[in-house]
Amino acid sequence: MSRYSFASLVRHGVMGHRGWKPVWRDPEPKSSYDAIIVGGGGHGLASAYYLAKNHHLNNVAVLEKGWLGGGNTGRNTTIVRSNYLLDANARFYEHGMKLWEGLSRDLNFNVMFSQRGVLNLAHSKGQLETFRRRGNAMRLNGIDAELLNRGDVAALVPGMDLSGNARFPIEGGLLQPRGGTARHDAVAWGYARAADRRGVDIIQNCEVTGIRRDRTGVTGVETSRGFIASKRIGLAVAGHSTQLAAMAGVRLPIESHVLQAMVSEPVKPVLDTVVTFGAAHLYVSQSDKGELVMGGDIDGYNSFAQRGNLPVIEHVAACLLALFPQFSRLRILRTWGGIMDMTMDGSPIIGTTPVPGLFLNGGWCYGGFKATPASGWVFAHTMATGQPHSLNADLNLDRFRQGRVLDEKGAGPYPWAH
Amino acid sequence: MLLIHCPHCGPRAQTEFSYGGDANVARPPAPEETDDRTWTDYLYLRDNAKGSHAELWQHIFGCRRWLRLHRDVVSHEITSCSDLPRPRTGNGS
Chain A
178 MSRYSFASLV RHGVMGHRGW KPVWRDPEPK SSYDAIIVGG GGHGLASAYY LAKNHHLNNV
238 AVLEKGWLGG GNTGRNTTIV RSNYLLDANA RFYEHGMKLW EGLSRDLNFN VMFSQRGVLN
298 LAHSKGQLET FRRRGNAMRL NGIDAELLNR GDVAALVPGM DLSGNARFPI EGGLLQPRGG
358 TARHDAVAWG YARAADRRGV DIIQNCEVTG IRRDRTGVTG VETSRGFIAS KRIGLAVAGH
418 STQLAAMAGV RLPIESHVLQ AMVSEPVKPV LDTVVTFGAA HLYVSQSDKG ELVMGGDIDG
478 YNSFAQRGNL PVIEHVAACL LALFPQFSRL RILRTWGGIM DMTMDGSPII GTTPVPGLFL
538 NGGWCYGGFK ATPASGWVFA HTMATGQPHS LNADLNLDRF RQGRVLDEKG AGPYPWAH
Chain B
83 MLLIHCPHCG PRAQTEFSYG GDANVARPPA PEETDDRTWT DYLYLRDNAK GSHAELWQHI
143 FGCRRWLRLH RDVVSHEITS CSDLPRPRTG NGS
């Protein structure tokens, strides 16, 4: 398989672009693998890639019930950031940020990572003080953070209502300049292509229906395409982690909730920063196609339906107009929903489970997309060695029993409140 | 929009209600005598059923009563909605 380069683009261009070939195989499942990863989204594919690249485990399969990146990898708002308060989260996501910065080169696939900055807006002196605290915590962990006053915000994001008459007047904000966006589908495709090149079997339309185990641990998975044996199984199926874990008799501190996102009709460049609205909950950026990409809170009740309800859409639109009154005549083009693993402390779970050989990568709440590279990196380490990497040691499942929860918001064990 | 048939106020939009989570979670009666595992299960572990789900809602912009619903979490069909039984009061002294 050829590397992508300027020369390859010219060569194919001269031939009228008729010579491009599929970039990953479509193999039949083998009877057994050294490791199986369930879930062909960004996390599963990244895990397989780093298993092969960092740990030289090449006899690996990724099983996907639908198509690659058809779940939450293709449903998020593409934001990448590492602006976390708590040490364990900050270090983990910052490792991810560093991987993002070299990802297109590493994968030889343009993931269109754009470090346009992520700005959190504050609407009171008190809120700005909590941002100052988080910014200082970030800097202590080696993460870039800048506290902005109202004038700085006005210079960074022209067009926002910064008047004292705004419904929630803006006091300032916390900016992470290295944050930004990436092309979400490209992340799945880039990892799939790179993993396939290292021998990983990517098997689509293969639904796992059961997990087989004996007294020593897991022995394989029942699938819609037959039994596949492996003594090492990793779950990367956020949204349905509880369903898969239940197949092995494991209960998780997770509920499934629907999170909606939406895009407006495309317009000319108008917003070159990711803006998050701290008064209610809105995050908005402009895609390369010109659409405003927006999201807000989860709908707030358990749901496995990949669709949401109108109150949240109305709320998100109202937040947008409170910030940017001039967008009032934009029309919403599409809305959709994805199913989140909402954990009891709002932080992810990556690590071992009570069942030997079964590993869990889930509980991503709203934050899975930006974590994709770091998640794959540490999950591969955990699956290859049987022990967590230092970066996911605190993200273990046992933290709930030990009282070592990682609750960024201090919301308590109410998954719909994180 | 979910339409919830409050037994006191009639059919009302979901925006009048506040969600209270899984209705089958029972607080262990004597926390000080409960071991860590049972307490962890109560605080954090949920069945997260994909199908009919028993859940609590409070009619905060209506009668303010707590209600117990059965709702299908895939189709959103609500099959029952009833008052939460009032807790038995103590002897009042």
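For the record, the sequence lines run as chains A and B. With the numbering used here applied, the first sequence corresponds to residues 178 to 595, in that order. With the numbering used here applied, the second sequence corresponds to residues 83 to 175, in that order. All residues carry an ideal CB built from backbone N, CA and C; glycine is no exception.
The C-beta distance from ARG360(A) to MET289(A) rounds to 4 Å, short enough to fall under 8 Å. Residue-level contact by beta carbon holds for GLY103(B) and chain A, with a gap shorter than 9 Å. With a threshold of 9 Å between beta carbons, GLU115(B) makes no contact with chain A.
Comparing alpha-carbon positions, the option among CYS496(A), ALA425(A), PRO446(A), LEU507(A) lying closest to HIS458(A) turns out to be CYS496(A).
In the three-state scheme derived from DSSP, where H, G and I count as helix and E and B as strand, GLY534(A) is classed as coil.
At least one C-beta of chain A is nearer than 9 Å to the C-beta of THR97(B). Here ARG316(A) has ALA322 as same chain residues with Cβ atoms under 8 Å from its own Cβ, once five neighbours each way along the sequence are excluded. In this structure, the straight-line span from the alpha carbon of HIS595(A) to that of ALA588(A) is close to 6 Å. When DSSP states are grouped into helix, strand and coil, MET289(A) belongs to the coil group. At a cut-off of 9 Å between beta carbons, THR122(B) contacts chain A. Of all residues in the region 475–495 of chain A, only GLY477, TYR478, ASN479, SER480, PHE481, ALA482, ASN486, LEU487, PRO488 come within less than 8 Å of chain B when Cβ atoms are compared, listed by chain position.
Residues of the region 431–445 of chain A with a Cβ closer than 7 Å to any Cβ of chain B, in chain order: ILE431, GLU432, SER433.
Contact between the region 466–478 of chain A and the region 274–290 of chain A is absent: fewer than three C-beta pairs spanning the two stretches fall below 8 Å. DSSP, read as helix, strand or coil, puts ILE347(A) in coil. For SER224(A), the enclosing alpha helix (DSSP H) stretches over residues 219–232. Looking at the DSSP output, PRO93(B) sits in a beta bridge with HIS87(B). Three or more Cβ pairs closer than 8 Å define a contact, and the region 413–420 of chain A meets that threshold against the region 212–225 of chain A. Secondary structure at GLN420(A): helix, using DSSP grouped into helix, strand and coil. Between the region 93–103 of chain B and the region 139–150 of chain B, the count of C-beta pairs closer than 8 Å reaches three or more; the two stretches touch. Residue ranges of uninterrupted alpha helix (DSSP H) with 4 or more members, entirely inside the region 307–394 of chain A and ordered along the chain, are 327–333, 361–374.
In this structure, the alpha-carbon of ARG311(A) lies about 10 Å from that of LEU305(A). Straight across, the Cα-Cα distance linking GLU115(B) with THR122(B) is about 14 Å. Distance from the CA of ILE405(A) to the CA of ASN538(A), rounded to the nearest whole angstrom, comes to 20 Å. Of all residues in the region 416–428 of chain A, those with a C-beta nearer than 7 Å to a C-beta of chain B are THR419, GLN420, ARG428, reading in chain order. In the three-state reduction of the DSSP assignment, HIS272(A) falls in the helix class, which pools H, G and I.
Contact of MET521(A) with chain B is assigned, a C-beta pair being separated by under 9 Å. Judged by beta-carbon spacing, ILE490(A) lies beyond the 9 Å limit of MET560(A), meaning their Cβ atoms are not closer than that value.
Contact annotation for PRO590(A) against chain B: LEU125, TYR126 [CB-CB distance below 9 Å, chain order]. In this structure, LEU276(A) sits near TRP554(A), with a CB-CB distance shorter than 9 Å.
Each residue's CA atom was taken as its position, placing PHE345(A) and LEU339(A) some 9 Å apart. Look at LEU459(A) here: in three-state DSSP terms it is strand. Here the alpha carbon of PRO206(A) sits roughly 14 Å from the alpha carbon of ASN235(A). When Cβ-Cβ separations below 9 Å define contact, TRP513(A) makes no contact with chain B. Excluding residues up to 5 positions away in sequence, GLY397, ILE405, ALA406, SER407 lie with their Cβ nearer than 8 Å to the Cβ of SER209(A) in the same chain.
Among the CB atoms of chain B, one or more fall inside 9 Å of the CB of PHE577(A).
Taking C-beta atoms under 8 Å as the contact rule, LEU240(A) and ALA365(A) fail to qualify, at a distance of about 15 Å.
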